[in-house]
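Residue numbers (the numbering used here): 420 to 564.
The beta-carbon is built from N, C-alpha and C at its ideal position, and this holds for glycine as well.
This report concerns only the one structure given below.
So, in structure tokens, the structure goes:
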């Protein structure tokens, strides 16, 4: 499969009519699979249920992708990130736009939205404040701001 990888990715870019049929054949390295390439199907199966997007980072090597400063925040949340290390990878992913209703999101963009996880964190904080009896006071002070 690796021999044909570049040609399949080129097919995703050039053959708009069949790119959805080609997409399951694509393989990428990831933060959880640095030695073996995985399919998009495998990646989606490994995703957390609340994860709404397929996160990726384009880089010239796995080593430089792993050392990207913004990767740490994503990995702390237990999310898997695709490493797009071939020049054609990013173009192929951008031409697909989404896979199995999960949009592709470049984690190097400043406006990266992890709202799903922020909401979870806020609910947990509110729960802790409620247990401590501070929720009404906190909510009241927020209303005054």
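Taking residue 519 as the reference, give the member of 462, 449, 500 and 498 with the closest Cα.
-> In the chain shown, the residue the question calls residue 519 occupies position 100. Residue 462 is the option with its Cα nearest to residue 519.
Whose C-beta lies closer than 8 Å to the C-beta of residue 442 among residues of the same chain, with five residues either side of it excluded?
-> The sequence position of residue 442 within the chain shown is 23, counting from 1. Within the same chain, residue 442 has close Cβ partners 431, 459, 515 and 518.
Counting along the chain, where does the beta strand (DSSP E) carrying residue 515 start and finish?
-> Against the chain shown, residue 515 aligns to sequence position 96. Counting along the chain, no beta strand (DSSP E) covers residue 515; the unbroken alpha helix (DSSP H) around it starts and ends at 506-515.
Secondary structure of residue 437, DSSP reduced to three states | Mapped onto the chain shown, residue 437 falls at position 18. Secondary structure of residue 437 (DSSP, three-state): coil.
Beta-carbon contacts of residue 480 that lie in its chain and below 7 Å, excluding the five residues immediately before and after = Position 61 of the chain shown, counted from the start, is the residue given in the question as residue 480. Excluding five sequence positions before and after residue 480, the CB atoms of its chain that fall closer than 7 Å to its own CB belong to 504, given in chain order.
Euclidean distance between Cα positions of residue 439 and residue 491 | One-based indexing of the chain shown puts residue 439 at position 20. One-based indexing of the chain shown puts residue 491 at position 72. Take the alpha-carbon of residue 439 and the one of residue 491: they are about 31 Å apart.
Measuring alpha carbon to alpha carbon, tell me which of 496, 478, 486 and 495 ends up nearest residue 525.
-> Residue 525 sits at position 106 when you count from the first residue of the chain shown. Nearest of 496, 478, 486 and 495 to residue 525, Cα basis: 478.
Return the chain-ordered list of same chain residues with a C-beta closer than 8 Å to the C-beta of residue 425, the five sequence neighbours on each side being excluded.
-> Here residue 425 is taken as the residue at index 6 of the chain shown, counted from 1. Excluding residues up to 5 positions away in sequence, 505 and 507 lie with their Cβ nearer than 8 Å to the Cβ of residue 425 in the same chain.
Reducing DSSP to helix, strand and coil, say where residue 460 ends up.
-> Numbered from 1 along the chain shown, position 41 holds the residue referred to as residue 460. For residue 460, the secondary structure class from DSSP, reduced to helix, strand or coil, is helix.
Residue 535 versus residue 484: straight-line alpha-carbon distance, rounded = Reading the chain shown from its first residue, position 116 is the one you call residue 535. Reading the chain shown from its first residue, position 65 is the one you call residue 484. Bear in mind that a pLDDT of 48 at residue 535, under 50, signals an unreliable position, so the model cannot answer this.
Please list the segments of the beta strand (DSSP E) lying wholly inside the region 440-502, counting only runs of 3 or more residues, in order along the chain.
-> Qualifying beta strand (DSSP E) stretches, in chain order: 446-449, 452-458 and 472-477.
Which listed residue (447, 498 and 511) has its alpha carbon closest to that of residue 471 = Position 52 of the chain shown, counted from the first residue, corresponds to residue 471. Ranking the options by Cα distance to residue 471, first place goes to 498.
Neighbourhood of residue 453 by C-beta, 7 Å cutoff - its chain only, sequence neighbours within 5 removed | On the chain shown, position 34 is the one that residue 453 refers to. Excluding residues up to 5 positions away in sequence, 481 lie with their Cβ nearer than 7 Å to the Cβ of residue 453 in the same chain.
First and last residue of the beta strand (DSSP E) that includes residue 519?
-> For this step, residue 519 is matched to residue 100 along the chain shown. Element bounds for residue 519: n/a, residue is neither H nor E.
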